[in-house]
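Residue numbers (the working numbering): 24 to 177.
One structure is given here, and the rest of the page talks about it.
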Amino acid sequence: MFAAIPLGVKVGAGLLGAGFGLNEIKKAGQRKEIENLINQSQILGDPTNNFGYGTGFGPGMFGPTSGYQAQLGYQTQMGKQQRENMIKNLLAIEPITDRAKSRDFERNMAAARFRTQLRTQQGLTLQGQKGAQALAQQGMGAAGQALTSNYQYQ
């Protein structure tokens with residue numbers, strides 16, 4: 024009996040059934056709740072996006088059992104731990120920085136002593152040169168006077 028059904032009718036019935044099945048699968052993927060959420064998120068509305076107070080924010084956020092208080096407690100605890108770690112690190116590097124600072128201070132003081140000695144030497148050298156120049160000028164003046172003066176022989 025099945026042999027009597029023409030091949031074209033069988034193919035047509037198969038395609039019709041496949042189209043019907045695909046349509047049902049497509050409908051199963053289009054859930055109304057998801058469609059409603061998509062439509063609601065496109066409209067400005069409640070800042071919690073209609074999720075109620077499950078986020079921990081809202082009128083009960085300052086209560087002792089709210090999620091917000093748990094987050095504050097965790098952040099406070101982490102802040103204290105990070106502060107303690109920072110203090111330990113600072114105490115560990117303090118001797119190293121002190122040594123570096125004392126070396127810098129000694130180097131700066133040595134440079135200052137060297138500059139002072141150099142200035143003193145330069146000042147003494149300049150003063151000696153000026154004194155020698157003044158003596159030379161006096162000597163030249165005296166020599167010039169001696170040459171220009173009239174000697175009388177007796």
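C-beta: ideal position from N, C-alpha, C; glycine also.
query, result
"Through-space distance from Ile119 to Ser89, alpha-carbon basis", "46 Å"
"Between the CA atoms of Gln161 and Leu170 - distance to the nearest angstrom", "14 Å"
"Contact check, Arg86 vs Gln92, beta carbons under 9 Å", "The question names Arg, but residue 86 in the sequence shown is Gly. Yes. Within cutoff."
"For Thr88, the three-state DSSP class (helix, strand or coil)", "coil"
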